[in-house]
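Please read the structure below before turning to the comments.
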Amino acid sequence: MDIKEYIQSGIIESYVMGLTDPEETALIESAMRQYPEVREAVAAFERVMEQQAQARAVAPPGFLKEKIKEAIREDIAVDSIAPPAAVRDSSPTGRAAIKWRYLAVAASILLALSAVLNVVFYTKSKFFERQYQTMLEERQLLASNVSLLNGRVSALQESLLLINHPGMKAVNLSGVEGQENAYAVVYWNRVSGAVYLMPSQLEKVEENQQYQLWAIVDGKPVDAGLIGACDGLCKMKTITDAQAFAITVEKKGGSPTPDLSALRVMGNV
Amino acid sequence: MSIEAKYSEEELVLALQQRQELAFEYLYKHYSAALYGTILSIVKDSEESNDVLQEVFVRIWKQARSYDAAKGRLFTWMINIARHGAIDRLRSTGFKRTSENRKLTESVYNSVSASPSREDHIGLHALTRELKEDFRILIEYAYFKGFTQEEIANTLGIPVGTVKTRLRAALLQMRKLMELMITVGLLWI
């Protein structure tokens, strides 16, 4: 018999798992007596089976132990109080248990280590997440500032182009008596009637007030639009004919006729 | 009694054969869960498994003198008693459930299905699902249903010789899986 081949044939596994027929059983049991390798191969697989059974063990319900003990009670030896001589744990079973215990300890250490690392990495990741958020917000702020400035630059560029247009006439509006510091410039295209205003030096007005531009046509004031917040030049209403322009302070939303007592600046074309 | 005995395998066998109470305590503490897991994986019913575990311990206790260390380790002997006890229970309840006018063998074949069921998640049973189907079915019939090789041959309609070779191949593969699982056991439990 080729022992090596016999050992690797699956007979060892069949025997340990109780799946051999009587003939096969008799053969392997005699082989075990004759060949230490066979004996060792059987023992090795027995250990595998035991480890796997112990690993997937299911604890029986607690009440069962006393019930079972009751069932065998009559068979328990009366003189069975003497504990076994040896107290060392050198049985293969004991050794397996110790091995499992070592593995369990190693696993606990690894688990603890991983828990610590989890905390460390979690904290770090939280920190970086916060930093990332801050930077994201800063970036957004910068981006919106840039687009704001871009808007202003293009508005100013446009204003510059308008002012330099050949048909454009600049009308300087100077402060009236008592308002000498006030100053504004109206750019008026006589052909198209387009009116732009550069608010240059107009003081801030109250919340409920607003500056209003008037065109003086044949001695009568004509509404040329309200002055809001604008970048560069403010686009005003179209005026086809005017001899002068004036700005008054009116109530918010403007008035149909100017309050002449609130006149701030004025200039002839 | 709270004395915790520590035995070598030889000492345990001796104490068991002398029917010392401490031997029972030791056996129960160290092996009842492994035996119960094996029984449960076959019987799949905890009530029935309780009964079977009791029968198995009684059998271990009474037949301890027939245990022969030359034929294998005590645990192997016990686990095989547990497996046979569980299969006996499975067959008798299976028979009860389909008690019509059929012959015993017939009803056994029909009542124990070989297809994997929801409960097959315990122990070896879970492992068999990793095998290819014709291997899994052989182990299912042979190990978990306790069919003889002839019975398997009849059921599957293949020659006994084929059953024998294929079963051995299946067991070898199963062993590889078991060893793999034990290596990564800590993750697997």
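Protein chains in written order, with our numbering: chain A, 1 to 269; chain B, 270 to 458.
Glycine included, every Cβ here is placed at the ideal spot set by N, Cα and C.
All of these numbers come straight from a predicted model, not from anything done at the bench.
Tell whether a beta-carbon distance below 8 Å holds between residue i and residue j.
i        : j        : result
B:ARG328 : A:GLY18  : no
A:LEU202 : A:ARG264 : yes
B:ALA284 : B:TYR297 : no
A:MET168 : A:LEU160 : no
A:THR248 : A:GLN209 : no
B:MET447 : B:LEU396 : yes
A:ILE239 : A:GLY267 : no
A:ALA244 : A:ILE216 : yes
B:PHE293 : A:LYS69  : yes
A:TYR183 : A:LEU233 : no
A:GLN8   : B:ILE451 : no
A:ASN164 : A:VAL185 : no
For residue i, which residues in the same chain have their Cβ closer than 6 Å to its Cβ, ignoring the five residues on either side in sequence?
i        : result
B:ALA355 : ILE308, ILE311, VAL312 and VAL321
A:VAL58  : none
Helix, strand or coil, according to DSSP, for residue i in the structure here?
i        : result
A:GLU207 : coil
B:ARG360 : helix
A:MET198 : strand
A:SER9   : coil
B:SER277 : coil
A:ASN268 : strand
A:LYS65  : helix
B:LYS445 : helix
A:ALA115 : helix
B:LYS401 : coil
A:GLN51  : helix
A:GLN243 : coil
B:GLY430 : helix
A:ARG17  : Correcting the residue identity first, residue 17 of chain A is Met in this sequence and not Arg. Of the three classes helix, strand and coil, the one that applies to A:MET17 here is coil, per DSSP.
A:ALA229 : coil
B:GLY354 : helix
B:ARG328 : helix
Just grab the DSSP bridge partners of residue i for me.
i        : result
A:THR248 : A:GLN212 and A:LEU263
A:ASP223 : A:TRP214
A:LYS169 : A:TRP188
A:SER174 : A:TYR183 and A:MET266
A:LYS235 : A:TYR196
Within its chain, find whatever has a CB closer than 7 Å to the CB of residue i; leave out the 5 residues flanking it on each side and keep chain order.
i        : result
A:ASN181 : GLY175 and GLN201
A:LYS235 : TYR196
A:TYR102 : none
B:HIS394 : SER310 and PHE413
Give me, in chain order, the residues of the same chain whose beta-carbon lies closer than 8 Å to that of residue i; leave out the 5 immediate sequence neighbours on both sides.
i        : result
A:ILE28  : ILE11, ILE12, TYR15, THR20, VAL38 and VAL42
B:GLU317 : ARG358 and THR362
A:VAL277 : Given that chain A is displayed from residue 1 to residue 269, the structure contains no residue 277 of chain A and the question cannot be resolved.
B:MET443 : LEU393, LEU396, THR397, LEU400, PHE404 and ILE408
B:LEU281 : ALA292, TYR295, LEU296 and LEU343
A:LEU148 : none
A:PRO256 : ASP223
Count Cβ pairs between the segment 337-357 of chain B and the segment 302-322 of chain B that sit closer than 8 Å; are there 3 or more? yes
Three or more beta-carbon pairs under 8 Å between the segment 97-116 of chain A and the segment 330-343 of chain B, yes or no? no
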